[in-house]
Amino acid sequence: MLRAHRGGPFVAVRLPGPFPASGGGNRPASGRPGRPGQNRRVPVHEITDPDDDRIADYRALTDVELRTRWEPPHGLFIAEGELVLRRALRAGYPARSYLVDAKRVDQLADLDTGDAPVYAATPDVLQRATGFHVHRGVLASFHRRPLPSADEVLAAARRVVVLEDVNNHTNLGAIFRGAAALGVDAVLLSPTCADPLYRRSVRVSMGEVFAVPYAKLERWPAGLDQVRQAGFTVLAMTPAPDAVPIQRLTPAQRERAALLLGAEGPGLTEAAQSASDVRVVLPMRRGVDSLNVAAAAAVAFWELGRDDPL
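Okay, structure coming up:
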């Protein structure tokens, strides 16, 4: 069935796909066995023009400045890859739309796409629209949800990480992934931190930004008093010579720890360190003075949680 639909062709298809795919039968082009339900009828909107307004959410995804101006004000974020978009759905984020390589339409066959349209295009059209080769073949635009307050996040946590000026999206995503894996209950962000829901952060975190609650401390560094009043000990990570080796913290200092980390390179500001309770360091060997902030965070997370029951 083919009819005009909102400025472009509309194809109601019985998956797999309205477009040719290798492999035949019910086996997707990837070679993986087909999922249950993949033969249900799914409406797929074919996109042939990269400037089609229906896929405006996905335009110029590599332009950080443009995406920063577009995504939060429009209340959306982009998930890249099937695993990540499924985690977003499981976390309760409502989908706005899906944009997929035409040969990968069947990967969404078992999803209840609801009112969110599914757009399909060739790899060339996808690249021209997004600005990069979409090698994972699956993108989705999601509605954001209101952020909880810092007080709400702190009330439900035993161990948190607080980030100052961490504006590298790759580092931010890696910190979220480490937090999820190594027993950190929440992330608090200074006002100048990067957006955890920016596509690269989401991708690097493998979708763990959806699993770890986070909030912003609007006043900085005064917001650290809010953390302390919630019963946490603020531990500022710094290579300063008078910092306490992290493994020598007392049980009381470990009990409800708020690990404070700064940006790659400059580290924590003096104001943030002055507002902390204890300055701590990861002891280094062979003259190395520091680690990448995401790597340092992972080591510190493990150390603080090493006595947690498994």
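In our numbering, each number is its position in the sequence shown, counted from 1, plus 9.
Ideal Cβ positions, reconstructed from N, Cα and C, are used throughout, including at glycine.
Review point. How big is the Cα-Cα spacing for ALA220 and ALA304?
Key: 20 Å
**Study point:** PHE86 burial status per 10 Å Cβ neighbour count (16 or more: buried)
**Key:** buried
Check your understanding: If we ignore side chains and look at the alpha-carbon of each, how far apart do LEU206 and VAL287 end up?
Key -> 31 Å
Review point. By Cβ distance below 6 Å, which residues in the same chain neighbour LEU163 in space, the five residues on each side in sequence not counted?
Key: ALA239
Review point. Do you know whose CA, among PHE185, ALA190, ALA149 and ASP119, lies nearest LEU270's CA?
Key: PHE185
Review point. For the beta strand (DSSP E) that HIS152 lies in, which residues bound it at each end?
Key: 147-152
**Study point:** Where ALA320 falls, given that 16 or more other Cβ within 10 Å makes a residue buried
**Key:** Because the chain in this structure spans residues 10 to 319, residue 320 falls outside the shown range and cannot be described.
Check your understanding: How long is the line joining the alpha carbons of ARG153 and GLY84, rounded to whole angstroms?
Key -> 5 Å
Review point. Three-state secondary structure (DSSP) at SER106?
Key: strand
Review point. Would you report the Cα separation of GLU89 and ASP251, rounded to the nearest angstrom?
Key: 43 Å
Check your understanding: Which word fits ASP62, buried or exposed, when buried means at least 16 other C-beta atoms lie within 10 angstroms of its C-beta?
Key -> exposed
Exercise for review: Can you have a look at TRP311 and say buried or exposed, based on whether 16 or more other CB atoms are within 10 angstroms of its CB?
Suggested key: exposed
Point to revise | Beta-carbon proximity list for GLN136, same chain, < 6 Å, skipping 5 on both sides | key: HIS142
Check your understanding: Since THR242 is in the beta strand (DSSP E), which residue starts that stretch and which ends it?
Key -> 242-246
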